[in-house]
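This report concerns only the one structure given below.
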Amino acid sequence: MRGAIRRAATAAAVLALLLTGCSGDGDDGRDADGTIRLRFQSLAWQKESVDANKQLVKEWNEAHPDVQVEYVQGSWDSVHDQLLTSFEGGEAPDVIHDASDDLADFAYGGYLADLRPLLPGRLRADIPEQSWRTTTFGEGVYGVPFLQEPRVLIADTKLLKASGARIPTPERPWSWEEFREVTDELTGKGRYGVAWPLKEPVSVTLNLGLSGGGQLFHRDVDGKAVLRFEQGDSVVTGTIRDQVNTDGSAARSALGMGGSDALPGFFGGKYAMLPLGFSYRQQIIQQAPEGFDWTVLPMPAGAGGAVQGVSPQTLSVAEESPHKKEAVAFIDFLLRPPNMVRLARGDWMLPTGTKALADPSLRGTEHGWAVGTALARGLRPAPAQSVRGYPEWKDKVATPALQEYYSGAIDTDELRKRLVEDGNRVLARYQR
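Each residue of the sequence shown is one higher than the one before, counting from 121 in my numbering.
Below, the structure is given as structure tokens:
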């Protein structure tokens with residue numbers, strides 16, 4: 121019943137967007153006087169981020185009377201279905217805000233424009249190649265990666281100092297073994313050393329798995345994606361499972377939580393540390409009780425080094441847009457280094473651009489900004505970035521398997537069997 125209600129709500133939201141978002145008076149997005157009308161669908165949701173995006177649209181419109189941009193509010197909760205409906209209905213926004221791990225099917229399906237002939241040299245050179253790989257599918261580039269979010273440890277400073285544990289730095293993080301020992305030391309009466317909010321366990325597992333030397337997704341000699349669960353893939357998964365089921369240093373009740381759900385327990389001293397996305401710092405600032413002292417630490421590192429996967433936020437252009445050149449010019453404006461800094465600060469995330477990342481306002485020690493920018497060099501494309509069929513594998517195979525594994529209901533052999541054997545059957549259907 122809840123699924124049906126959710127689908128109905130999504131359909132209503134899609135219909136509303138389509139009805140309110142039609143562009144211009146003519147089929148080519150121009151007004152009678154020749155003014156080009158572009159629609160920019162943004163997924164910004166935090167007030168600071170929405171304000172920054174709307175202000176930049178206003179500044180563009182004031183400077184470009186012949187190319188006017190309409191801000192359209194989208195939602196992360198329904199964006200994939202909403203975009204698919206708008207593409208198939210011929211009503212897609214010109215400029216599309218999304219995440220790189222949602223682009224593969226749209227890119228291969230011909231819904232997104234290949235930006236290679238349109239990208240300005242400045243923008244192409246400013247963003248590192250490793251970030252461009254997240255939006256490259258086949259030979260084409262189908263989005264501009266502009267914001268990225270490493271996962272960090274948010275720690276109760278008082279509890280951490282009292283434990284006597286070594287304080288990790290980006291240059292010398294904890295190993296996964298050391299992290300397990302520290303969480304055991306931090307565990308006491310009524311308190312867990314860590315809580316893992318793993319309501320959505322797949323991206324966390326895959327992205328952090330890189331640090332343990334895991335990959336899970338590989339390519340065979342024909343270039344097809346295949347799943348293999350190797351020794352490195354058990355480092356992070358095994359650590360979490362042991363913390364919950366063997367050491368008792370991780371709260372079992374947190375496994376079904378989202379990050380926001382775990383914050384009250386953190387503020388109340390129930391958890392000494394939380395692994396969270398970098399942007400959660402804003403919620404902590406807003407919600408932490410007066411006098412609560414917290415600090416940002418890097419995630420542990422293993423044989424793979426201090427690396428982790430990310431799926432950056434992206435800006436794409438619809439293939440059906442009649443004004444691709446103008447749409448890319450607007451993207452280039454949004455992502456000029458000073459503007460990219462404004463967007464990053466609005467979302468409490470890291471910019472991909474090297475010039476924006478070097479901005480002093482993103483490198484201060486307050487609120488952990490310096491830790492985040494130091495981690496940027498170790499960010500890599502998420503392992504399943506370009507794999508067709510990944511959404512189905514994630515929802516139908518990996519999510520239930522990992523939830524059962526972390527809770528202790530199945531062992532490593534069963535996890536391997538389900539992720540790999542069941543998973544490869546899913547991928548094979550998309551690669552015939």
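Note that the Cβ used here is the ideal one computed from N, Cα and C, for glycine as well. These numbers come from a predicted model, not from an experiment.
A residue is called buried once 16 or more other Cβ atoms fall within 10 Å of its Cβ, and Glu446 is buried on that count.
Membership of Pro384 in any beta strand (DSSP E) is not indicated; the residue belongs instead to the alpha helix (DSSP H) covering Gly379 to Phe387. For Asp276, the uninterrupted beta strand (DSSP E) segment begins and ends at Arg271 to Asp276. For Phe226, the enclosing alpha helix (DSSP H) begins and ends at Ala224 to Tyr228. At a cut-off of 4 residues, the continuous stretches assigned as alpha helix (DSSP H) that sit fully inside the stretch 428-471 are 444-454 and 457-467. Assigned with DSSP and collapsed to three states, Asp218 falls in strand. Rounded to the nearest angstrom, the Cβ distance from Pro409 to Phe387 is 6 Å, consistent with a contact under 8 Å. Close CB contacts of Gln188 within its chain, under the 8 Å cut and outside five residues either way in sequence, are with Thr155, Ile156, Arg157, Leu158 and Asn181 (chain order). Between Val356 and the set Ala529, Arg300, Ala438 and Arg253, the nearest pair of CA atoms involves Arg300.
In the structure shown, Tyr231 falls within a coil segment according to DSSP collapsed to helix, strand and coil. In the structure shown, Val314 adopts extended strand secondary structure according to DSSP, grouped into three states. Ile287 and Asp533 have their C-alpha atoms spaced approximately 35 Å apart. Judged by beta-carbon spacing, Leu318 lies beyond the 9 Å limit of Ala504, meaning their Cβ atoms are not closer than that value.
Note that the stretch 443-463 does not touch the stretch 522-536; fewer than 3 beta-carbon pairs, one per stretch, sit closer than 8 Å.
If you draw a straight line from the Cα of Ala227 to the Cα of Ser195, it comes to about 20 Å. When DSSP states are grouped into helix, strand and coil, Pro290 belongs to the coil group. Straight through space, the alpha carbons of Ala476 and Gln351 are spaced by roughly 38 Å. Ranked by Cα distance from Asn459, the first of Glu190, Leu176 and Ala494 is Leu176. By the Cβ test, the stretch 249-265 is not in contact with the stretch 474-491, since fewer than three Cβ pairs between them sit closer than 8 Å.
Beta-carbon to beta-carbon, Glu440 and Gly210 are separated by about 6 Å, close enough to satisfy the 8 Å threshold. Counting of Cβ neighbours within 10 angstroms places Trp294 among the buried residues, the total reaching 16 or more. Cβ neighbours of Gln402 within its own chain (closer than 7 Å, five residues either side excluded): Gln166 and Trp468.
Restricting attention to Val272, Ala382, Lys516 and Gly230, the CA atom closest to the CA of Leu499 is found in Val272. Counting only the Cα atoms, Val448 lies some 13 Å from Arg242. Taken in chain order, the unbroken stretches of beta strand (DSSP E) that lie wholly in the stretch 149-212 and span 3 residues or more are 156-162 and 187-193. Ranking Pro501, His487 and Leu482 by CA distance to the CA of Thr493 puts Leu482 first.
Contact annotation: Pro270 and Val324 have beta-carbon atoms that are not nearer than 9 Å.
At least 9 Å separates the beta-carbon of Ala219 from that of Gln407.
Under the three-state reduction of DSSP, Phe257 is assigned to strand. Under a 10 Å Cβ-count criterion, Gly424 is classified as buried, with 16 or more other Cβ atoms of the shown protein chains found around its own Cβ. Distance from Leu347 to Val540 at the Cβ level is roughly 5 Å; contact confirmed, criterion being Cβ atoms closer than 8 Å. Boundaries for Gly422: no alpha helix (DSSP H) harbours it, and the DSSP string shows neither H nor E there. By the C-beta density criterion, Val491 is buried, having at least 16 other C-beta atoms within 10 angstroms. For Gln268, the uninterrupted beta strand (DSSP E) run begins and ends at Val264 to Gln268, by DSSP.
By the CB criterion at 9 Å, Lys444 and Ala233 fall inside the cutoff. For Gly429, same chain residues with a beta-carbon under 7 Å away, outside a window of 5 residues either side, are Leu326, Asn327, Leu330, Arg500, Pro501, Ala502 and Pro503 in chain order.
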